[in-house]
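Residue numbers for the sequence shown follow this note's numbering, beginning at 1 and rising by one. Every residue gets a Cβ at the ideal spot worked out from N, C-alpha and C, and that includes glycine. Notes follow the structure.
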Amino acid sequence: MPIPIIVQGIREGIDSIPYAYTVLKIAPWVLLVAALKYYFGGARNGSERVMHSKIVMITTKDGLNEEWQVNYLGNFHLLSILSPALKAQPAHRDVRVIFTTCSSYIGAKLDMKQLEAASSGSKPAGRTAAKKNGKTQKKASAEKEPSLFGLSKLALMIFATTFQKHLNAYQRPDKQPNGTRVIVVDPGLSRTPGTRRWLTGGSLWGLLIYLLTWPLWWLVLKSPQQGAQSILYAAMEARYGRGAGGWMVKECREVDFSRNDIKDEELAKKLWEFSEKQIEAKEKEGALKRAQTKPKEKVTDKDKSAKQENTKGSSTSGAGAAKEQTSGSRRSRKADQ
1 MPIPIIVQGI
11 REGIDSIPYA
21 YTVLKIAPWV
31 LLVAALKYYF
41 GGARNGSERV
51 MHSKIVMITT
61 KDGLNEEWQV
71 NYLGNFHLLS
81 ILSPALKAQP
91 AHRDVRVIFT
101 TCSSYIGAKL
111 DMKQLEAASS
121 GSKPAGRTAA
131 KKNGKTQKKA
141 SAEKEPSLFG
151 LSKLALMIFA
161 TTFQKHLNAY
171 QRPDKQPNGT
181 RVIVVDPGLS
191 RTPGTRRWLT
201 GGSLWGLLIY
211 LLTWPLWWLV
221 LKSPQQGAQS
231 ILYAAMEARY
241 GRGAGGWMVK
251 ECREVDFSRN
261 DIKDEELAKK
271 LWEFSEKQIE
281 AKEKEGALKR
291 AQTKPKEKVT
301 DKDKSAKQEN
311 TKGSSTSGAG
321 AAKEQTSGSR
331 RSRKADQ
């Protein structure tokens, strides 16, 4: 199809082709938008590697701040459990632990007292108002629960560098160097559900504004596939299989941390001890809850077994009654003869 149209344009002129001038006017703008989209799309991963990894997802309800637990404390607890297994890996095996972060850690402030009060997840009880239409209402608390998103990302990056030092300090029995490397990746802003919720504020009006301005976000933000390029680069690039680890990757290249306190050993030690105490306290609370629920489970098990015995007894009695001879049966007639 394009070849006859081109031939017609050469022989008879562009005026003979319908909508030719309209297409020529729009084409530069389309090329400009494509160039801007390519520019804002970020770097592309060019590394190749066969992947044999798995994804582990753990969700719990321990009464902690959700952002603090999901972004930091869950990773800390999981890697504390997996630390002996990571140390015992063969020296020739390339093991990489990849953390994802974002630029929100730059403006976060790490205060242990404030963190202890905020991360516990305790909310002040609202004051009850007068009854309205027969229903009690609660007044909203004046103090809003602080967001720990940026602080959780900062704590995660501090833990990442500390965990790499912890792995490097381990002396293997075969005297071989450590084979596990920790990499922190900043994928940038992408059109993911998390970014959409952050932009809209979790409200319907925000979602409406986001939909109206969607062409702008389509142009500026990366797609999820483009945002994953830095993560794939950290997982596939061959040079990250050597060295001491503890790198940060952004736009498919190694960059420095934007804050110097990420490598502060005293701050990392305080954060490590605080996290261990917090996990220990929550584990004790969980053990007490399980101990309290055990007697109830035993009672329910006894009730179930008693019901099963009753049903078995009723079924056997019904079967025995069915086996009894009726007056009009053949066996009863033979017995009468």
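- Tell me which same chain residues have a C-beta within less than 6 Å of the C-beta of residue 91, skipping the five on either side of it? Along the sequence shown, one-based indexing puts residue 91 at 91. Answer for residue 91: 176 and 179, listed in chain order.
- Item | With 16 other Cβ atoms within 10 Å as the buried cut-off, status of residue 340 | Absent from the model: residue 340. The displayed extent of the chain is 1 to 337, so no value can be given.
- Task: Return the Cβ separation of residue 104 and residue 149 in integer angstroms, given the expectation that the two are a contact with Cβ distance under 8 Å.
- Result: On the sequence shown, residue 104 is found 104 positions in, with the first residue counted as 1. On the sequence shown, residue 149 is found 149 positions in, with the first residue counted as 1. For a cut-off of 8 Å, the C-beta gap from residue 104 to residue 149 is around 6 Å, short enough to register as a contact.
- Do you know how far the Cα of residue 89 is from the Cα of residue 172? Reading the sequence shown from its first residue, position 172 is the one you call residue 172. Reading the sequence shown from its first residue, position 89 is the one you call residue 89. Going from the Cα of residue 172 to the Cα of residue 89 covers about 10 Å.
- Expressed to the nearest angstrom, what Euclidean distance is found between the alpha-carbon atoms of residue 60 and residue 282? If you number the sequence shown from 1, residue 60 lands on position 60. If you number the sequence shown from 1, residue 282 lands on position 282. Because residue 60 carries a pLDDT of 47, less than 50, the predicted location of this residue cannot be relied on, and no value is offered for it.
- Task: Out of 311, 293, 284 and 279, point me to the one whose CA is closest to residue 81's CA.
- Result: For the purposes of this step, residue 81 is identified with residue 81 of the sequence shown, where counting begins at 1. Looking at the Cα atoms, 279 is the closest of the given residues.
- Message: Short of 6 Å in beta carbon distance, which residues of its chain neighbour residue 399, apart from the five on each side in sequence? Order them along the chain.
- Response: This structure gives no information on residue 399, because the portion of the chain shown stretches from 1 to 337.
- Select from 20, 13, 36 and 287 the residue whose C-alpha is nearest the C-alpha of residue 215. Looking up residue 215 in the sequence shown gives position 215. Considering only alpha carbons, the answer is 36.
- Task: With distances taken Cα to Cα, identify the nearest neighbour of residue 234 among 31, 251 and 305.
- Result: As a working mapping, residue 234 is identified with position 234 in the sequence shown. Comparing Cα positions, the closest option is 251.
- Task: Report the option in 93, 73 and 206 whose CA atom is closest to the CA atom of residue 277.
- Result: Here residue 277 corresponds to residue number 277 of the sequence shown, with the count starting at 1. Per the Cα distances, 73.
- residue 75 versus 93, 87, 211 and 101, residue with shortest Cα-Cα distance: Residue mapping note: residue 75 aligns to position 75 of the sequence shown, counting from 1. Taking only the C-alpha atoms, the option nearest residue 75 is 101.
- Whole-Å CB distance - residue 294 paired with residue 170, under 8 Å assumed: Here residue 294 refers to the residue found at position 294 when the sequence shown is read from its first residue. Here residue 170 refers to the residue found at position 170 when the sequence shown is read from its first residue. With 8 Å as the limit, residue 294 and residue 170 do not qualify as a contact, their Cβ atoms being about 39 Å apart.
- Under a three-way DSSP split, which group does residue 254 fall into? Working through the sequence shown from its first residue, we reach residue 254 at position 254. If DSSP states are grouped into helix, strand and coil, residue 254 belongs with the strands.
- Put residue 186 into one of helix, strand or coil per three-state DSSP. Taking the sequence shown and counting its residues from 1, one reaches residue 186 at position 186. In this structure, residue 186 counts as strand in the three-state DSSP scheme.
- Query: Short check: CB of residue 245 to CB of residue 187, under 8 Å?
  - Reply: Here the question's residue 245 lines up with position 245 in the sequence shown. Here the question's residue 187 lines up with position 187 in the sequence shown. No, they are not a contact pair.
- On a CA-only basis, which of 116, 33 and 230 is nearest residue 273? Give me that one, please. Taking the sequence shown and counting its residues from 1, the one referred to as residue 273 is at position 273. Among 116, 33 and 230, the Cα nearest to that of residue 273 is on 116.
- Task: Could you have a look at residue 17 and say whether DSSP puts it in helix, strand or coil?
- Result: For the purposes of this step, residue 17 is taken as residue 17 along the sequence shown, with counting starting at 1. Here residue 17 carries a coil assignment [DSSP, helix/strand/coil].
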